[in-house]
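A quick write-up on the structure given underneath.
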Amino acid sequence: MFSEALDKKANEIIARYPVKRSALLPLLHLVQNEENQITKEGMRYVAKKVGVEMNDVFEVLTFYTMYFTEPIGTHHIQLCRTISCYLRGAEEIREHLEKRLGIKPGQRTADGRFRLSEVECLGSCCTAPMFQINFDYHENLTPEKVDQILDSLP
Amino acid sequence: MEMVKLTIDGKEYEAPKGKLLIEVCKDHGIDIPSFCYYPDLTPQAACRMCLVRIEKMPKLATSCTVTVADGMVVTTASNEILEMRKGMLDFILGNHPLDCPVCDKGGQCELQDMAFDHGTVYAQYAVNKNNTGEERLSPFIAFDEQRCVRCYRCIRVCEEWMDVHALTKIARGTHEYIGFYGKDLSCEQCGNCVEVCPVGALLSVDSRFKSRPWDMKETVTTCTYCGDGCQLNLGVRGEEYVRAASKDMTGINGEFLCIKGRYGSAFISSPERLKTPLVKKNGQHVAVSWDEALKYTAEKLAAVRKASGDASLAVIGSPRLTNEANLTLARLGKAFGTPHLTHFRKMELGDFWKNLSAPIGTHAEVQEATTVLVIGGDPTEESPLTGYSVRYAERKHDADLLVVHSRPIKIARRQADRFLHIRPNAESAIVQALVDEASLDQMAKTAGVPAADLRAVREAVHKAKNLAVVVGPQVTGAALKALARLADVIGKSDDKKMCFLPMAGYNNSVGAFDMGLTGNAADVREKCGQAVKAVYLVGANPVEQYGDGWKTALAKLDFLVVQELFLTETAQLADVVFPVSSYAEQDGSFTNQAGQVQRVARALEGQGQLRPDWLVVQAIAKEMGLNINAKGSAAALLKDIGTEISGYSGVSFAKIKESNGAFRTSRPLAAGTAFDPILADLRKQTGAIDTNAQHDTRVVEQGEGLFKLGTMLNQVPTMIEAQPFWDAHKGETAEWEGEFVAAAGD
Ligand code: SF4
Ligand code: SF4
Ligand code: SF4
Ligand code: FES
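Protein sequence lines correspond, in order, to chains A and B.
Residues in the first sequence are numbered from 0 upward in steps of one, following numbering that gives the first Met the number 0.
Residues in the second sequence are numbered from 0 upward in steps of one, following numbering that gives the first Met the number 0.
Following this line, the structure appears as structure tokens:
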């Protein structure tokens, strides 16, 4: 179900910890990256891998906000809403994104290309306002810059 | 045990080192409010109600996680602590709907008590409440999220006591709730989570909104299903049965119950219950008076006896009946002078008793065992308290758990240190390997298990310091006898402890044997219509349970009497049917599979003209002019048992009460009888095993045994309504644990 390469990586991660179950969080990220979400199969895989119950996995993944049990979308826009970005116009960026994408934070566009999330401080206050798309930072945002960035995405 | 001295609220106490501070306080009557602390659950420290001040600790400490140490100085009540409690309660009540007037728990709720004792009148913490409705999680369990105090007792009970892991916490913060992955709560439906829930958050669907706790009369009695004999509290409002709950921590089962014990008793108020005696006239059952039915039955039986002799009558009792009922049936059989005196059963306990080399253990003893061998049965599905006890030994002190079964049962998959996955019907081969080392390699082949594994099991059993052997009905014939002799084979010594616990099947399997109904039921079936002309059958439905052979056999009789709760397939064939009291409508006793005599107590009158079985039997005897030493009450009959039945010496209702509800019977150990003939028979038995038989690798599904409906469960509305639910979840266990690999033989 999951590739051998992924399984190898999972084993490497597990080997880093003195107890297997400590690898639960990184393994959830691993399967989420693979499937763009965490499916029943992914949960099961992780549960077996670290020797916990299905419900233990579910408990953990509902506790954290960065795990998704439905497809995330191709581009996950994570807009900082903490104080520095807020003071420097994050709200305006949010409104612009909402208008352009037609979705609210926590939602995904119908074509599955974009998801918009509001997140807490990403540690880039000196370049506020900012967002992170998947793993890349985009800083000193203005509505125009946002358009450029989105237009340039595949 | 090492003791330590500590000071609590200025007074000095001695306590065992390592004990939780909250438990030490409770032992000495010092009240510490708590929600998440619960006996026999791992500490959680979630509710913060139990905070105390301990000298030299920088902050208030949770007494439910701190263990006592020498010289500890503790304050449990001060302004600081009282204020803190108020504050904690304020948070806990922050989301609470305060709907006590419609809550099942009202009047028996720990949160109500707590708010009363430790709360404030006005809340400081004023935020909007999360409004959530009540949700039905399964046909048996409902959940009202807003009432939850997040103590996580339910989650821990399900994990630790049940090993089901059905519940967990979902989301976080003020939005956290108790839930699970998936659409419904697909679990063993034991309701133990409901039992321990301190508030009305988890609820039993079957008794919801039916009564307030103080409106119910509660009667302590013994469960009428499996042989474990859990103690129940039957709640009755007016004359209406409401619910069964576990008896407050004091019975042999503590607070444990399984689905049958907790949700299986509504049959007593089924409209299908027989209400009057029935006599067959022109092929139709007609309601008649007790007098007429008794007279008619007595005449008919007397006529058959006169025409065809004493041995033409057969008496068949049941492991469902009370000791008192089975005693009177045995007396009736003896008065008839018939050799056909028997009952239906799953296990030949007579053979087992005769060869007993170690005592029968109680559940508590199994829980203490350091090595547990489970062979020939599935405790989880057939004998849930035994299953709980085996898991307890594993959980509490990591007992060495050895499991022998022909299918991957739950404890084999999840707890066993060693699992011998044998071929179908090959239990005897394992028994032989245990008692006859020379044959071990051959027996491994016969049973289809790796010889090394079998040797390891044999070694563990022989070397065990405190061994419990849990034996189920699939160990039969010579194997059962040989296994009973195990302690002799191993050799006894002072530093070795051993006990047996048979999983006998029914609530009074042991009692039915002890009262003397020891004949062979199959033998009666063979003789029906020939040597046997009339059968007196009580509390059993062989036509449904043991097949068409019985239907044809019973049809050949001149006369059939049945005493029953319902017009079963067997009762339909009867010439006379007597409506009798269920376990909830009479006094008496059951002997559980651990050999403990426990009370059956009358919780309600019942509808119609019901009589207890023993009373009917005595009335028949009287009509026939037979002296069966009739008594006027179950109490008097139990006294007779105490003088007549070996091992029951001195038993009475008072004695049962004195023994904390469970009077222990004694059984002589087989001393000195030859083992060789048994071994010879055992070799024959193992020689007949089909060594070509394939291993049965089908994972035992959750509920395979537990959810099966019999005569009584078939009349429980929630059980019937649950059928589609179970059908929908069939195959899930296999889906998740299908990769459980069968240990293939060499
Ligand atoms: S009913 Fe029993 S098995 Fe089901 S969730 Fe509650 S404790 Fe667990
Ligand atoms: S449902 Fe009951 S037992 Fe479970 S956490 Fe809530 S209050 Fe505690
Ligand atoms: S374990 Fe047996 S005795 Fe206990 S509640 Fe269940 S069926 Fe009744
Ligand atoms: S009882 Fe100690 S924190 Fe709940």
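Here a beta-carbon is modelled for each residue, glycine too, at the ideal position from N, C-alpha and C.
On a predicted model such as this, the values are computed, not experimentally measured, just so you know.
Taken in chain order, the members of the stretch 166 to 194 of chain B whose beta-carbon sits within less than 9 Å of a beta-carbon on chain A are Leu166, Thr167, Lys168, Ile169, Ala170, Arg171, Glu175, Gly178, Phe179, Tyr180 and Gly181. Comparing C-alpha distances from Ala200 of chain B to each of B:Arg152, B:His164, B:Thr218 and B:Met215 shows the shortest one belongs to B:Arg152. With a cutoff of 7 Å, Val156 of chain B counts as near ligand 1, since its C-beta is closer than that to a heavy atom of the ligand. For a Cβ distance threshold of 7 Å, residue set His164 of chain B lies close to Glu52 of chain A, ordered along the chain. Taking C-beta separations shorter than 7 Å and ignoring five residues to either side along the sequence, the partners of Cys84 of chain A in its chain run Ala127, Pro128 and Met129, following chain order.
One finds His164 and Thr167 in chain B with Cβ atoms closer than 8 Å to the Cβ of Asp55 of chain A, taken in chain order. Burial of Glu194 of chain B is indicated by the presence of at least 16 other C-beta atoms within 10 angstroms of its C-beta.
Every alpha helix (DSSP H) stretch that sits fully inside the stretch 5 to 35 of chain B and reaches 4 residues is listed by chain position as 20 to 26.
Straight across, the Cα-Cα distance linking Ile37 of chain A with Pro723 of chain B is about 29 Å. Cβ atoms of Ile619 of chain B and Thr296 of chain B come within 8 Å of each other, at about 6 Å.
With a cutoff of 8 Å on beta-carbon distance, Met161 of chain B and Glu144 of chain B are scored as not near each other. Residue side-chain check: Tyr151 of chain B keeps its Cβ at 7 Å or more from all non-hydrogen atoms of ligand 4.
Proximity to ligand 3 was defined by a C-beta distance below 5 Å to any of its heavy atoms, and the residues meeting it, in sequence along the chain, are B:Cys222, B:Tyr224, B:Cys225, B:Asp227, B:Cys229, B:Leu256, B:Cys257, B:Lys259, B:Gly260, B:Pro383 and B:Leu384.
Taking 7 Å as the cut-off, one finds at least one heavy atom of ligand 2 near enough to the beta carbon of Leu201 of chain B.
Put simply, the CB of Thr38 of chain A is far from chain B, with every gap to its CB atoms at 8 Å or more. Residue selection by CB proximity (closer than 7 Å to any heavy atom of ligand 4) returns B:Ile21, B:Ser33, B:Phe34, B:Cys35, B:Tyr36, B:Gln43, B:Ala44, B:Ala45, B:Cys46, B:Arg47, B:Met48, B:Cys49, B:Thr61, B:Ser62, B:Cys63, B:Thr64 and B:Cys150 in chain order.
Taking the Cα positions, Gly607 of chain B is about 31 Å away from Asp227 of chain B. DSSP, read as helix, strand or coil, puts Pro578 of chain B in strand. Ligand 2 has a heavy atom closer than 7 Å to the beta-carbon of Val195 of chain B.
Proximity to Gly376 of chain B across B:Asp183, B:Val469 and B:Arg52 peaks at B:Val469, based on C-alpha coordinates. In this structure, Glu426 of chain B and Gly704 of chain B do not form a Cβ contact; the two beta carbons are roughly 17 Å apart against a cut-off of 8 Å.
In this structure, Ile177 of chain B has its CB closer than 7 Å to one or more heavy atoms of ligand 2. Distances between the C-beta of Asn191 of chain B and the heavy atoms of ligand 1 include at least one below 7 Å. With its beta carbon less than 8 Å from one in chain B, Glu58 of chain A belongs to the interface.
DSSP, reduced to helix, strand and coil, places Gly122 of chain A outside both helices and strands of the structure shown, so it counts as coil.
Between Thr717 of chain B and Tyr240 of chain B, the C-beta gap is not smaller than 8 Å, which leaves the two residues out of contact. Beta bridge pairing from DSSP links Phe662 of chain B with B:Val596. Taken through DSSP and simplified to helix, strand or coil, Val156 of chain B comes out as helix. Look at Cys147 of chain B: its beta carbon is less than 7 Å from one of the heavy atoms in ligand 2. Cys527 of chain B is bridged by DSSP to B:Val531. Annotation for Val198 of chain B indicates a beta carbon within 7 Å of some heavy atom of ligand 2.
Taking the CA atoms as reference points, Ile408 of chain B sits about 9 Å from Gln701 of chain B. For Thr61 of chain A, the residues of chain B that pass the 7 Å Cβ criterion are Ile169 and Ala170, in the order they occur in the chain.
For a cut-off of 8 Å, the C-beta gap from Asp586 of chain B to Ala600 of chain B is around 6 Å, short enough to register as a contact.
The Cβ atoms of Leu312 of chain B and Ala573 of chain B lie no closer than 8 Å to each other. The beta carbon of Pro501 of chain B is closer than 7 Å to those of Met346, Leu348, Phe351, Val470 and Gln592 in its chain, skipping five residues each way along the sequence.
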